[in-house]
Amino acid sequence: MKNRIKAIFGIEYPIIQGGMVWASGWRLASAVSNAGGLGVIGAGSMYPEVLKEHIIKCQQATTKPFAVNVPMLYPNLDEVIEIIIELGVKIVFTSAGNPKVWTPKLKSHGIIVVHVVSSLKFALKAEEAGVDAVVAEGFEAGGHNGREESTTLVLIPLLKTHIKIPIIAAGGIATGNAMLAAMVLGADAVQVGSRFVACKEASSHILFKDMVVNAKEGDTQLTLKELTPVRLLKNKFYLDVLKAYQSGASKEQMQKLLGKGRAKKGMFEGNLQDGELEIGQVSVLINDIKSAKEIIEDMMFEFNATKIKVPKY
Numbered sequence: 005m006k007n008r009i010k011a012i013f014g015i016e017y018p019i020i021q022g023g024m025v026w027a028s029g030w031r032l033a034s035a036v037s038n039a040g041g042l043g044v045i046g047a048g049s050m051y052p053e054v055l056k057e058h059i060i061k062c063q064q065a066t067t068k069p070f071a072v073n074v075p076m077l078y079p080n081l082d083e084v085i086e087i088i089i090e091l092g093v094k095i096v097f098t099s100a101g102n103p104k105v106w107t108p109k110l111k112s113h114g115i116i117v118v119h120v121v122s123s124l125k126f127a128l129k130a131e132e133a134g135v136d137a138v139v140a141e142g143f144e145a146g147g148h149n150g151r152e153e154s155t156t157l158v159l160i161p162l163l164k165t166h167i168k169i170p171i172i173a174a175g176g177i178a179t180g181n182a183m184l185a186a187m188v189l190g191a192d193a194v195q196v197g198s199r200f201v202a203c204k205e206a207s208s209h210i211l212f213k214d215m216v217v218n219a220k221e222g223d224t225q226l227t228l229k230e231l232t233p234v235r236l237l238k239n240k241f242y243l244d245v246l247k248a249y250q251s252g253a254s255k256e257q258m259q260k261l262l263g264k265g266r267a268k269k270g271m272f273e274g275n276l277q278d279g280e281l282e283i284g285q286v287s288v289l290i291n292d293i294k295s296a297k298e299i300i301e302d303m304m305f306e307f308n309a310t311k312i313k314v315p316k317y
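For the sequence shown, the positions run 5 to 317 when the working numbering is used.
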């Protein structure tokens, strides 16, 4: 049966790299695309001129399709959208906002639009807005997350029964087996974030990559729901957040504690004590740092090997 996501994006494998802040620059995106998946530049940690540079370098590094992920809370959103249109980006993933705002303009320029959702409610709104597909992200995922805490295992079949557009499963997926499971539940493809953080081409700091590789069960926690829910590795900053909760800190006090630049400090600069270290629960299954090509090859090998065995059960 024809895979809808592969057909829409023009890619070889139904594997999408998450557009993660401080990890997803042009090197990672182009490497994933060259390996047959869909690479995604994470614009959330880039000023407009920096994003422009990454798009141009990605276009020079690959002839394959790639995308840009745009959080809609971006302060320079108008400028970012104009850069994307000007440079001829063909695929845009939007998140953290109302898809009705920018989808019509992007699509009027022939751009494929995908919106990230964490619930059926938002999936229906995205479909109504005219997006071409949704990323259905379970709360196992790293980084900013849904308040509903719906797991990927529940979210995918729920959306499958209510929407007609393609579904890309995200959250807790780092292996070929998980990819197959998501697709059996109704997903057309998977989005992989944490596994690509621990990747040779990722721009995340090597100390952060090593911490991801060494993560154990229970080392991540969803927190800061009063601000924006985010899944973090437990470190000194996380413990400071925990102490603030225990002392009854207000939302304003939590915001002050978070401050600015926490994610950059931890994930990009390698400050493992005071930085915000965003990663998914699946980090417990990540044991090495590989190239994007090796990650995709491993996932597809396991996917195909397991797929042969499935009819036996």
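The beta-carbon is built from N, C-alpha and C at its ideal position, and this holds for glycine as well.
Treat the numbers as computed from the prediction; the structure is a model and nothing was measured.
Do residue i and residue j have their C-beta atoms closer together than 7 Å?
{"i": "I172", "j": "A193", "result": "yes"}
{"i": "A140", "j": "I160", "result": "yes"}
{"i": "V44", "j": "A35", "result": "no"}
{"i": "P52", "j": "V25", "result": "no"}
{"i": "I300", "j": "I19", "result": "yes"}
{"i": "G180", "j": "Q285", "result": "no"}
{"i": "A145", "j": "V138", "result": "no"}
{"i": "L65", "j": "I95", "result": "Reading the sequence as shown, one finds Ala at residue 65 and not Leu. Against a cut-off of 7 Å, the Cβ pair of I95 and A65 comes out as no contact."}
{"i": "A178", "j": "L110", "result": "no"}
{"i": "H58", "j": "G23", "result": "no"}
{"i": "V56", "j": "I87", "result": "The sequence given here has Lys at residue 56, not Val. A contact, by the Cβ cut-off of 7 Å."}
{"i": "S208", "j": "A27", "result": "yes"}
{"i": "T156", "j": "G142", "result": "yes"}
{"i": "L276", "j": "L211", "result": "yes"}
{"i": "M258", "j": "E298", "result": "no"}
{"i": "M183", "j": "F307", "result": "yes"}
Between which two residues does the alpha helix (DSSP H) carrying residue i extend?
{"i": "P161", "result": "T156 to K164"}
{"i": "H58", "result": "P52 to A65"}
{"i": "S198", "result": "S198 to V201"}
{"i": "L124", "result": "L124 to A133"}
{"i": "Q259", "result": "K255 to L262"}
{"i": "I9", "result": "R8 to F13"}
{"i": "S208", "result": "S208 -> no alpha helix (DSSP H), and no H or E assigned at all."}
{"i": "T310", "result": "A296 to K313"}
{"i": "Q250", "result": "K240 to Q250"}
Within 10 angstroms of its Cβ, does residue i collect 16 or more other Cβ (buried), or is it exposed?
{"i": "K213", "result": "buried"}
{"i": "A202", "result": "buried"}
{"i": "A39", "result": "buried"}
{"i": "Q21", "result": "buried"}
{"i": "V188", "result": "exposed"}
{"i": "I312", "result": "exposed"}
{"i": "H119", "result": "buried"}
{"i": "K6", "result": "exposed"}
{"i": "K264", "result": "exposed"}
{"i": "V54", "result": "exposed"}
{"i": "D244", "result": "exposed"}
{"i": "S224", "result": "Sequence check: residue 224 is Thr here, not Ser. T224 should be labelled buried."}
{"i": "I167", "result": "buried"}
{"i": "S112", "result": "exposed"}
Identify the continuous beta strand (DSSP E) that holds residue i and give its terminal residues.
{"i": "N73", "result": "F70 to P75"}
{"i": "V25", "result": "No beta strand (DSSP E) contains V25, which DSSP labels as neither H nor E."}
{"i": "L143", "result": "According to the sequence shown, residue 143 is Phe rather than Leu. It is not in any beta strand (DSSP E) - F143 carries neither H nor E in the DSSP assignment."}
{"i": "A39", "result": "Note, A39: premise wrong, no beta strand (DSSP E); not H, not E."}
{"i": "F272", "result": "Note, F272: premise wrong, no beta strand (DSSP E); not H, not E."}
{"i": "A171", "result": "In the sequence as presented, Ala is not what sits at residue 171; that position holds Ile. Counting along the chain, the beta strand (DSSP E) containing I171 begins and ends at I171 to A174."}
Assuming the contact rule is C-beta atoms closer than 8 Å, residue i and residue j should be a hit. Round their C-beta distance to whole Å, please.
{"i": "S287", "j": "A206", "result": "Not really, about 14 Å apart at Cβ, beyond 8 Å."}
{"i": "L42", "j": "P75", "result": "With a Cβ gap of about 18 Å, L42 and P75 do not count as contacting."}
{"i": "S99", "j": "N73", "result": "7 Å"}
{"i": "V105", "j": "D136", "result": "Not quite, the Cβ-Cβ distance comes to about 16 Å (not below 8 Å), so this is no contact."}
{"i": "A130", "j": "P103", "result": "5 Å"}
{"i": "K204", "j": "I293", "result": "6 Å"}
Within the chosen definition, does the region 277-286 reach the region 236-253 through at least 3 CB pairs nearer than 8 Å?
yes
State whether the region 215-222 contacts the region 243-251, with contact taken as three or more CB pairs (one from each stretch) at a distance under 8 Å.
no
Touching or not, the region 147-158 and the region 112-129, by the rule of three or more beta carbon pairs under 8 Å?
yes
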